[in-house]
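Numbering (our numbering), first residue to last: 3 to 368.
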Amino acid sequence: MAGLGSHAVDAAAFRSEFPVLERLAFLNAGSDGPVPRRGARAAAAQIERELVEGRAGRSHFDALMELAGALRARMAELIACDAEDVALTHSATDGMATVLSALGLGPGDEVLTTDEEHPGLLAPLEVARRRGGFDVRFVPFAEVAGEVGRRTRLVACSHVSWVSGRTVAFPALAGSDALVLLDGAQGLGAIPVDVGTLGCDFYAAAGQKWLCGPDGSGCLYVRRELAEGLDPPWPSYMSLADPARPSELVPHPGARRFDLGLSGPLLAWTHASVELFQEAGLDWVHERGTALAERLAESLGDHGHAVIPRDRTTLVSWRSDDAEGAVARLADAGVVVRHLPGRGLVRASVGAWSNEEDLERLLAAL
């Protein structure tokens with residue numbers, strides 16, 4: 003693709019990888035990113051390979067493991083860690099559920115979370131609370147770092163709030179004695195992620211949002227010193243170091259013990275999508291998306307819309323007396339955004355594939 007891999011990225015060439023943008027102002031990657039041609043072709047090629055060659059046999063398994071290893075390495079590059087610290091999951095929720103189940107929290111323990119968390123975190127947190135009997139305390143998102151108490155064993159919250167687009171106060175949070183689990187669904191692929199700088203113990207991310215991978219893709223970072231002391235809550239063939247001796251329950255070293263079942267087409271699509279973003283340059287991808295989002299937030303304010311406080315991320319939310327109706331009217335005008343149930347908010351997700359015309363189309367439809 004012309005321009006990709008250079009410092010002067012051709013934004014139009016990058017945008018052309020996403021056919022849906024020829025028809026729609028697609029501003030909803032916070033739910034699911036647009037599908038890139040490269041990802042679709044990689045998935046189709048893998049399906050064709052399995053159709054013709056079959057899905058069993060040593061050669062198929064070896065090829066699948068090679069593909070998984072390549073994707074694991076790319077995911078590790080994205081979050082600035084070693085590949086052995088990354089598990090391949092099916093979603094950010096899978097990763098968070100894994101951590102919450104593996105930690106074995108119980109009576110007397112407290113989990114601190116916030117008022118801007120996604121059901122993808124809150125649902126597995128509630129299941130773990132009912133099973134373990136620990137306490138969950140909710141605090142305002144902006145205040146979470148200062149609310150860590152003596153009984154707080156775990157802070158579980160978003161890196162980037164799906165509601166406001168604000169980022170967690172990670173330097174103060176990392177300085178606490180509690181373990182930190184970050185929901186990275188709105189972070190990875192949208193803004194820079196360095197798990198060492200964040201100081202988190204666990205980072206659960208999605209592949210289908212800002213990396214434009216398939217549903218059923220994601221990754222989980224687990225700090226190395228912790229991984230060896232945690233048993234996989236749902237062990238499988240993929241998590242065992244020696245599947246020939248399953249009763250010994252010896253997991254893979256590092257985060258790989260938390261791998262879930264692997265699908266060839268999903269791995270191929272995710273790998274191809276990540277490759278696309280890395281070729282374009284993550285610095286460019288992050289800067290373009292956040293700059294366009296900032297421009298949209300300013301324009302919405304200039305047009306009298308109440309944009310809620312946000313940070314330099316790719317999410318922009320504004321108040322609406324009829325958020326669901328507004329989203330439906332925008333869809334009729336070819337603009338894809340979403341409403342946030344129960345909050346009276348409409349949210350736009352702006353990516354590097356977006357352009358000024360998308361923003362103008364949104365503003366005109368409003």
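We put the CB at the ideal spot given by N, CA and C, even for glycine.
Separation of residue j from residue i, as counted between CA atoms
i: S8; j: Q280; result: At S8, the pLDDT of 41 sits below 50, so the modelled position is not reliable and the matter cannot be decided from this model.
i: C202; j: R259; result: 19 Å
i: E326; j: H341; result: 6 Å
i: G189; j: F140; result: 21 Å
i: A47; j: P142; result: 47 Å
i: G303; j: R297; result: 10 Å
i: L332; j: A270; result: 34 Å
i: G346; j: E86; result: 42 Å
i: A330; j: A58; result: 46 Å
i: V157; j: A335; result: 41 Å
i: R314; j: E50; result: 42 Å
i: V352; j: V252; result: 44 Å
i: P343; j: I310; result: 16 Å
i: L6; j: V287; result: At L6, the pLDDT of 40 sits below 50, so the modelled position is not reliable; the number obtained from the coordinates is stated separately. Spanning the two alpha carbons is a distance of roughly 11 Å.
i: E119; j: A72; result: 32 Å
i: Y223; j: S238; result: 19 Å
i: A217; j: T272; result: What sits at residue 217 in the sequence shown is Asp, not Ala. D217 and T272: Cα-Cα distance of roughly 10 Å.
i: V318; j: R349; result: 6 Å
i: A31; j: R312; result: 17 Å
i: G97; j: L294; result: 30 Å
i: T116; j: V138; result: 10 Å
Continuous beta strand (DSSP E) stretch holding residue i: start and end
i: E112; result: E112 to T116
i: S160; result: T154 to S160
i: A366; result: Careful: A366 lies outside any beta strand (DSSP E), inside the alpha helix (DSSP H) at E358 to A367.
i: D137; result: D137 to V141
i: S351; result: L347 to S351
i: V88; result: V88 to T91
i: L342; result: R340 to L342
Terminal residues of the alpha helix (DSSP H) in which residue i lies
i: V287; result: L284 to D304
i: T315; result: T315 -> no alpha helix (DSSP H), and no H or E assigned at all.
i: F16; result: A13 to R17
i: L127; result: P121 to G134
i: L264; result: Premise fails: L264 is in no alpha helix (DSSP H) and is neither H nor E.
i: L184; result: No alpha helix (DSSP H) contains L184, which is instead part of the beta strand (DSSP E) from L181 to D185.
Cut-off 6 Å between Cβ atoms - residues of its own chain near residue i, not counting five sequence neighbours on either side
i: G134; result: L107 and G108
i: D196; result: A82
i: A4; result: Its pLDDT being 40, under 50, A4 is placed unreliably in this model, and the value from its coordinates should be taken loosely. Same-chain partners within the cutoff: D12 and A15.
i: T154; result: E112, L114 and A180
i: L200; result: F172
i: P194; result: H288
i: R76; result: V276
Same chain only: Cβ atoms within 8 Å of residue i, ignoring 5 sequence neighbours per side
i: E79; result: Q280
i: E52; result: H62, G266 and P267
i: V284; result: According to the sequence provided, residue 284 is Leu. The question's Val does not apply to it. So the list reads L80 and P194, once near-sequence residues are dropped.
i: H254; result: S241, L242, A243 and D261
i: V338; result: L26, A27, F28, L29, N30 and L332
Own chain residues within Cβ distance below 7 Å of residue i, not counting five before or after
i: Q102; result: For the record, residue 102 in the displayed sequence is Leu; it is not Gln. Excluding residues within five positions, the ones whose Cβ falls inside 7 Å are P126, L127 and A130.
i: G167; result: R312, D313, T315, L317, V318 and S319
Distance cut-off 7 Å: residue i Cβ against heavy atoms of the ligand GTP
i: A45; result: Within the structure as shown, the ligand GTP is missing, as the structure has no ligands at all.
Cβ pair count under 8 Å reaching 3, the segment 25 to 40 against the segment 221 to 233 = no
key: Inside the segment 25 to 75 only - alpha helix (DSSP H) runs reaching at least 4 residues   = 39 to 55
key: Inter-stretch contact at 8 Å, needing at least 3 Cβ pairs: the segment 159 to 179 / the segment 59 to 69   = no
query = Contact between the segment 241 to 256 and the segment 90 to 104: three or more CB pairs below 8 Å?
reply = no
message = As an exercise, report each continuous alpha helix (DSSP H) stretch of at least 4 residues that is fully enclosed by the segment 188 to 232, in chain order.
response = 197 to 200 and 226 to 229
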